[in-house]
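Reviewing the structure listed below.
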Amino acid sequence: MTGSKILLESGTNEVELLELYLDEGSGDTYKRWSFGLNVAKVKKIVREADLKNFSGRKQDGSISRVSSSIDTQNPLVLGMFEFMGSVIPLIDLSGWLRMEPVSKDQRMVLVTEFNEIVSAFLVSGVNRIHRVSWSELESLQGNMAKYAEGTIIGTVKLTDPDRILQVLDLEQAMEDLNPARDRAALAEVEESVECVYQAICADDSRSMRNLVKNSLQRGGFEVDAYPNGLEIWKALEEISAKVGKTGLHVSEFIQLVVSDIEMPGMDGHALTKKIKKDPNLRDLTVYLFSSLITEELLHKGDAVGANRQYSKPQIATLVKQARVDLDELYKCKG
129 MTGSKILLES
139 GTNEVELLEL
149 YLDEGSGDTY
159 KRWSFGLNVA
169 KVKKIVREAD
179 LKNFSGRKQD
189 GSISRVSSSI
199 DTQNPLVLGM
209 FEFMGSVIPL
219 IDLSGWLRME
229 PVSKDQRMVL
239 VTEFNEIVSA
249 FLVSGVNRIH
259 RVSWSELESL
269 QGNMAKYAEG
279 TIIGTVKLTD
289 PDRILQVLDL
299 EQAMEDLNPA
309 RDRAALAEVE
319 ESVECVYQAI
329 CADDSRSMRN
339 LVKNSLQRGG
349 FEVDAYPNGL
359 EIWKALEEIS
369 AKVGKTGLHV
379 SEFIQLVVSD
389 IEMPGMDGHA
399 LTKKIKKDPN
409 LRDLTVYLFS
419 SLITEELLHK
429 GDAVGANRQY
439 SKPQIATLVK
449 QARVDLDELY
459 KCKG
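In this text, residue positions in the sequence shown follow the working numbering: the first is 129, and each later residue adds one.
In structure tokens, the structure reads:
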């Protein structure tokens, strides 16, 4: 696999998930765990044995090559290797998930690209690709939500055979490996106190949700944040009802929506499509903010009516442009 050429219809709330797995133990204690990852984030799948110029961790814990993208001193970074002319980190996915190390037999490496970072994750193997609706992805609840917070964004039930596919929050993994990145991104946001706008945002990744909320607040917004598209749509339905009841324009209640694309319950494309079709909400300014803004996805965003689209982590640019757009529309009415 070298990237994904799959282009699902705009606003259908569907996603292609690559099923990967991690094996723990052996014999009577053997256990296989299945995980899901958006195919669009995967650049290539290679065997561990085929890695070019792999430079692993030395006995003193150091790595002979240095990457500026992540903290190479983190023990989850197993080493570096050459990929398409660049040196990228190999990350221990089982270690990040607090699982036992996977067997060394015939392991696979997933080369990924998202948030403008190319990296790789060591796994036991891959199975197949599943096309599912984001509505099938169930958010974690109760004790499971507390245990898996920051690693799993939700689960999908699969059949033949029956198993649970846990969808990974790899954006949080990259934040854990480079916590200074988000702090630096927030520091780039220009502070504004001239006018306060009302915004709501949605992102299933805890780290990104906090970054978006904090950045918008720094830029002069009052912000409500939600963990997925379904929850933010429920909030918007209430606003739509108020607009219908009072006859006021939607801008009297809210001026901006910032949404991730891939989320449980309802993805950003489906959310945008519903907003633009609602007669009470369609004038809302909607920005899509995702780790996956490719040429194909730009077309999908345009098709559902997104006003602007940004690739993570361009949060400073997003906030600055939001101020320009809203000041022009509403003449700084907050």
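We put the CB at the ideal spot given by N, CA and C, even for glycine.
Contact under 7 Å by Cβ, residue i with residue j
i, j, result
"G372", "N408", "yes"
"Y354", "A369", "no"
"S333", "Q300", "yes"
"N202", "S419", "no"
"S343", "V452", "no"
"G282", "E266", "yes"
"V254", "I173", "yes"
"L150", "S252", "yes"
Rounded distance between the beta-carbons of residue j and residue i, thought under 8 Å
i, j, result
"F209", "I216", "7 Å"
"S379", "L416", "Actually they are not in contact, since the Cβ atoms of S379 and L416 sit about 20 Å apart, beyond 8 Å."
"T413", "L454", "7 Å"
"F349", "V385", "Between V385 and F349 the Cβ distance is about 11 Å, and since that is not below 8 Å, they are no contact."
"D304", "W361", "Their Cβ separation, rounded to whole angstroms, is 30 Å, which puts D304 and W361 out of contact at 8 Å."
For residue i, the three-state DSSP class (helix, strand or coil)
i, result
"V194", "In this prediction, V194 scores a pLDDT of 46, lower than 50, which makes its location untrustworthy; the coordinate-derived value is nonetheless stated afterwards. Three-state DSSP puts V194 in coil, outside helix and strand."
"G207", "strand"
"K232", "coil"
"R410", "coil"
"S162", "strand"
"V174", "strand"
"S154", "coil"
"Q453", "The displayed chain sequence assigns Asp, not Gln, to residue 453. Here D453 sits in helix by DSSP."
"V340", "helix"
"S222", "helix"
"S320", "coil"
"S183", "strand"
Sequence-distant residues of the same chain with beta carbon closer than 8 Å to residue i, five excluded per side
i, result
"D411", "H377, V378, S379"
"S214", "V246"
"F381", "Q326, I367, K370, V371"
"L314", "L339, N342, S343, R346, I443"
Cβ-based neighbour list, residue i, same chain, cut-off 6 Å, excluding 5 preceding and 5 following
i, result
"R436", "Y415"
"F249", "I219, L221, L238"
"V317", "S343, R346, G347, A444, V447"
"V284", "V260, E264, L265, L293"
Close beta carbons around residue i, own chain, < 7 Å, minus the five adjacent residues each side
i, result
"V194", "Its pLDDT being 46, under 50, V194 is placed unreliably in this model, and the coordinates cannot settle the point."
Within-7 Å CB hit, residue i to chain D
i, result
"E142", "Looking for chain D here will not work: only one protein chain is present."
Original post:
Can you list the beta strand (DSSP E) stretches of 3 or more residues lying completely in the region 231–311, in chain order?
Top reply: 236–242, 245–251, 253–261, 280–286, 291–296
**OP:** Kindly provide the ranges of any alpha helix (DSSP H) runs that are 4 or more residues long and lie completely inside the region 350–437, ordered along the chain.
**Re:** 357–374, 396–405, 423–432
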